[in-house]
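Comments concern the structure below.
Numbering (our numbering), first residue to last: 80 to 417.
Below, the structure written as structure tokens:
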């Protein structure tokens, strides 16, 4: 097979799922810097996909399969990575003559693809490795060396001062973002827990903390409840200024010194910047805190769960918020100024 000049990566689902495709996309771009790395995504992540430094072109999932198939055919792909495999996507590419298509070993329609990969995760393996396995297979089969991955996927350090000014960061403080919403892959930590967590971090940190309550849509109510509960305390806390675009919110997280949430989507956005993340996850057999870990480096990730068990593992009210606060404060104390 000749040199691969154009590759399409399918990842048409939620924000967090697309963010966790960045390692695979980075691998493709590093291995094939002259190639056009393209993605098939949903409209909700379009602006983020356009901003991704590893993506050269996007095809939107408009729902019009006939038009989408025509777009795919027109671009003459050398390779396709079917990171989200469905019957529908199989028919989108079938018969187009794409020289190389790799897909996961899932469901009966896996046999419609010549190149298949077992993406079953091993113990202690994060979900973002699935896309990398598919990408590694494509590279190996085409005699292309597999490159190393970056430690930070989105370097917006030049924009950090601008976004810190946007959040009105004070010179001697640490910006700690707190997102009280919940995603589909994590439980809901009670609002009272977030209030207690913030108060204790404030009391236990040596350098002043400036807390920013972020939210999306109806999550604003949760942020307002927390803000009101802390109104008559010495805690420096404010509601985040509104940002209309997902990509702007994602970029703005470069300002954070820490991002705390029970919602995996915002956590993953923070992880792109290698920001220290604190996640609250249900305790299940699948080790959700490992499965859905952020892209921040390992020493910058903290995670907390309820006591594991069939009954208690999903009860987020049982999270030891005192322990979480002490560990977060200890991290901030040793990491201040970095």
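Every residue gets a Cβ at the ideal spot worked out from N, C-alpha and C, and that includes glycine.
Neighbourhood of residue i by C-beta distance below 7 Å, restricted to the same chain and skipping five residues each side
i: residue 376; result: 230 and 353
i: residue 212; result: 196 and 198
i: residue 298; result: 259 and 260
i: residue 400; result: 272, 275 and 276
Rounded straight-line distance, which links the Cα of residue j to that of residue i
i: residue 264; j: residue 369; result: Here residue 264 scores only 48 on pLDDT, less than 50, and its place in the model should not be relied on; the value that follows carries that caveat. Distance between the alpha carbons of residue 264 and residue 369 is about 12 Å.
i: residue 337; j: residue 145; result: 45 Å
i: residue 119; j: residue 154; result: 13 Å
i: residue 331; j: residue 411; result: 20 Å
i: residue 33; j: residue 351; result: What is shown of the chain runs 80 to 417, which leaves residue 33 out entirely.
i: residue 313; j: residue 319; result: 18 Å
i: residue 116; j: residue 103; result: 11 Å
i: residue 417; j: residue 302; result: Low confidence applies here, because residue 417 scores a pLDDT of 46, under 50, leaving its location unreliable and the question unanswered by this model.
i: residue 294; j: residue 222; result: 45 Å
i: residue 131; j: residue 282; result: 38 Å
i: residue 94; j: residue 205; result: 17 Å
i: residue 178; j: residue 188; result: 18 Å
Spatial neighbours of residue i in its chain, beta-carbon cut-off 8 Å, leaving aside the 5 residues before and after
i: residue 287; result: 249, 251, 252, 253 and 315
i: residue 90; result: 96, 97, 100, 118, 119, 120, 162, 163 and 210
i: residue 395; result: 266, 267, 268, 269, 272, 341, 359, 361 and 385
i: residue 173; result: 191
i: residue 125; result: 137 and 139
Residue burial classification, residue i (beta-carbon count within 10 angstroms, cutoff 16)
i: residue 101; result: buried
i: residue 309; result: buried
i: residue 290; result: buried
i: residue 140; result: buried
i: residue 186; result: exposed
i: residue 108; result: buried
Span of the beta strand (DSSP E), counted from its first residue to its last, around residue i
i: residue 345; result: Unbroken run through residue 345 is the alpha helix (DSSP H), 343–351; no beta strand (DSSP E).
i: residue 317; result: 315–318
i: residue 148; result: From DSSP, residue 148 is part of no beta strand (DSSP E) but of the alpha helix (DSSP H) over 144–153.
i: residue 117; result: 115–120
i: residue 382; result: 380–383
Opening and closing residue of the alpha helix (DSSP H) in which residue i lies
i: residue 163; result: Run containing residue 163: none; DSSP gives neither H nor E here.
i: residue 173; result: Counting along the chain, residue 173 falls outside any alpha helix (DSSP H), and DSSP gives it neither H nor E.
i: residue 109; result: 101–110
i: residue 98; result: 94–98
i: residue 127; result: 125–130
Spatial neighbours of residue i in its chain, beta-carbon cut-off 6 Å, leaving aside the 5 residues before and after
i: residue 339; result: 257 and 357
i: residue 218; result: 110 and 225
i: residue 355; result: 337 and 379
i: residue 345; result: 258
Kindly provide the ranges of any beta strand (DSSP E) runs that are 3 or more residues long and lie completely inside the region 176–261, ordered along the chain.
-> 179–183, 194–196 and 253–261
In chain order, which beta strand (DSSP E) runs of at least 3 residues are fully inside the region 263–337?
-> 288–293 and 315–318
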